[in-house]
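Visitor:
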Amino acid sequence: MENNPIIIPRKPLINWGTGIVIAIALFMSFILYFVIKVQSNSKYDNELVVEEYYKKDALFQDEIDRTQNAHDLTNKPSITTMEEGISVGFPADYDLSKIKGKVSLYRPSSQKFDFEVPISLSTSHPTLLIPKLKLVGGRWDITLQWQYEGKEYMTKETLYIN
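In numbering that gives the first Met the number 0, the protein residues as written are 0 to 161.
Structure (structure tokens):
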């Protein structure tokens, strides 16, 4: 008679149902960790692009009209980058004392860098200079809104500052 050992099958520690539940729980924990990290870290800022979105949307037709007015001009204002900063100049045939408006500088990556500069020109200072000290390197969306002889105009440009 031979000595054959009797093999008794052992019960597994974890069955497949328990393994699936553990895997789902670990995956959910992994996703939840990144959601909490993004929400709590200021590096991943979740601010709105525009503070008062619905008010701005209601005025969109006015913006289209002002842009069309600027497009129809034969002599248009110029927005250029220089060593000293950004220069905004109007054509020589404009009466500079009649120009009223503002230049809005919008930084898409961070709202805290956005600012506005009122347009104030004179014969001794025919161009508006926005100093480079106020500008962080990168992309800037510039909106030039002005009024001249009762008509409103608007020009938008994107500039990259080094």
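Glycine included, C-beta positions come from ideal geometry on N, C-alpha and C.
What you are looking at is a predicted structure, and each value in this text was computed from that prediction instead of being measured.
To the nearest angstrom, how far is the alpha carbon of residue 82 from that of residue 109?
Guide: As a first step, residue 82 is located in the sequence shown; it is residue number 83 there, counting from the start. As a first step, residue 109 is located in the sequence shown; it is residue number 110 there, counting from the start. If you take the alpha carbons of residue 82 and residue 109, they lie about 23 Å apart.
Visitor: According to DSSP, is residue 159 helix, strand or coil?
Guide: Stepping through the sequence shown from its first residue, residue 159 is reached at position 160. Strand.
Visitor: Going straight from the alpha carbon of residue 158 to that of residue 31, what length do you get?
Guide: As a working note, residue 158 is residue 159 in the sequence shown. As a working note, residue 31 is residue 32 in the sequence shown. Residue 158 and residue 31 have their C-alpha atoms roughly 39 Å apart.
Visitor: According to DSSP, is residue 77 part of a helix, a strand, or is it coil?
Guide: For the purposes of this step, residue 77 is taken as the residue at position 78 of the sequence shown. DSSP places residue 77 in strand when its eight states are reduced to three.
Visitor: Considering Cα atoms alone, identify which of 152, 123, 137 is closest to residue 99.
Guide: Counting from one through the sequence shown, the residue named residue 99 turns up at place 100. For residue 99, the nearest C-alpha among the options comes from 152.
Visitor: Please identify the residue among 4, 103, 111, 107 whose C-alpha is closest to the C-alpha of residue 117.
Guide: Mapped onto the sequence shown, residue 117 falls at position 118. Residue 117 has its Cα closest to that of 103, out of 4, 103, 111, 107.
Visitor: Taking 8 Å as the threshold, find out whether the stretch 128-137 comes into contact with the stretch 71-88 through three or more Cβ pairs.
Guide: yes
Visitor: If you measure from the CB of residue 57, is any heavy atom of the ligand GTP nearer than 6 Å?
Guide: With respect to the ligand GTP, the structure offers nothing, as it holds no ligand at all.
Visitor: If you reduce the DSSP assignment to three classes, tell me which class residue 17 lands in.
Guide: The sequence position of residue 17 within the sequence shown is 18, counting from 1. It is helical.
Visitor: DSSP three-state label for residue 65, please.
Guide: Locating residue 65 in the sequence shown gives position 66, where the first residue counts as 1. Helix at residue 65.
Visitor: I'd like to know whether the C-beta atoms of residue 154 and residue 91 end up nearer to each other than 7 Å.
Guide: To locate residue 154, count along the sequence shown from 1; it is residue 155. To locate residue 91, count along the sequence shown from 1; it is residue 92. No, they are not a contact pair.
Visitor: For residue 114, which of helix, strand or coil comes out of DSSP?
Guide: Along the sequence shown, read from residue 1 onward, the residue named residue 114 stands at position 115. Residue 114: strand per DSSP, three-state reduction.
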